[in-house]
Structure formats: C-alpha cells, structure tokens
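A.B. asks:
In the numbering used here, the protein residues as written are 362 to 479.
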C-alpha cells in the first residue's frame, strides 16, 4: 500500500473534486480545504495521502476514501469499513474518479443506501 500522493495526482484530484457540490477533499486527520487555492498550496509542500469525504445520501453520515499514488496510478482506498477496498485509476483517466469511487462505496453500503451524487 502506498503512503503518499504525488503532486501531479494531487492537483488533478483537487481539480476534479472542486467540481463537486457534495464531496470534500482534505488531508488525513484534518478539516476539508476551504478553497482550491488552499489545497494547491498544501500539496506543493506535502505529499501525504489526501482523503475524499463522501456523504451518504439522505443521511448525516459520510464515508472516507484515502487517495495515494502508485507509479502512474491513483489508488483509492475505502477506509470507512473494516475490510478496505482498493481501486486503481491511471492518472490520465480522471473522468473515472467519480464513477469508480461511487461504485466502490455503494458496493459496501446496506441495501437501499447510496452515496450522495457528485
């Protein structure tokens, strides 16, 4: 398992998540970034994993996905469940981030529950 994210992957992730009205991006064990500028400044000096906070639809709950790098791949690890699931996406396929994360999380939620739309 990788323990850091490279700057290029981090900046791509920031740009994708900035388009979401529900999903939030944050460093591990810290509050979500207030702006894309704050996020860009952070990743220029830190290479630790980033996390995506994904709300569960019609609920106050949220799930967390840790994002790291492994060579040219971005690695998404669902850390909200006892047995984490890991999915890899090549860094050039950023359009797959939303669907991959949504599918990965929805697979683990009880029947009738889904994550909030992007």
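Each residue gets a CB set at the ideal place from its N, CA and C atoms; glycine is no exception.
All figures in this text were calculated on a predicted structure; none of them were measured in a lab.
(1) With distance defined between alpha-carbon atoms, name the residue in 452, 432, 423 and 412 nearest to residue 477.
(2) Going straight from the alpha carbon of residue 464 to that of residue 402, what length do you get?
(3) Looking at residue 412 and residue 383, is the spacing between their C-beta atoms short of 8 Å?
(4) Which class does residue 391 belong to by DSSP, given the choice of helix, strand or coil?
(5) Taking only three categories from DSSP, how would you classify residue 411?
(6) Between which two residues does the beta strand (DSSP E) harbouring residue 366 extend?
(7) Which two residues bound the contiguous beta strand (DSSP E) that contains residue 450?
(8) In the DSSP assignment, find the alpha helix (DSSP H) that holds residue 467 and state where it starts and stops.
C.D. replies: Inspection of the coordinates gives the following:
(1) Residue numbering aside, residue 477 sits at position 116 when the chain shown is read from its first letter. Out of 452, 432, 423 and 412, 423 has the C-alpha closest to the C-alpha of residue 477.
(2) Position 103 of the chain shown holds residue 464. Position 41 of the chain shown holds residue 402. Straight-line Cα distance between these residues: approximately 30 Å.
(3) Walking along the chain shown from the start, residue 383 turns up at place 22. Walking along the chain shown from the start, residue 412 turns up at place 51. One thing to note: residue 383 has its Cβ no nearer than 8 Å to the Cβ of residue 412.
(4) Working through the chain shown from its first residue, we reach residue 391 at position 30. Here residue 391 sits in coil by DSSP.
(5) Within the chain shown, residue 411 is the residue found at index 50, counting from 1. Reduced to three states, the DSSP call for residue 411 is strand.
(6) Looking up residue 366 in the chain shown gives position 5. Per DSSP, residue 366 is not a residue of any beta strand (DSSP E), being assigned neither H nor E.
(7) For the purposes of this step, residue 450 is taken as the residue at position 89 of the chain shown. Bounds of the beta strand (DSSP E) holding residue 450 are 447 to 451.
(8) Your numbering for residue 467 matches position 106 in the chain shown. Per DSSP, residue 467 belongs to the alpha helix (DSSP H) from 458 to 469.
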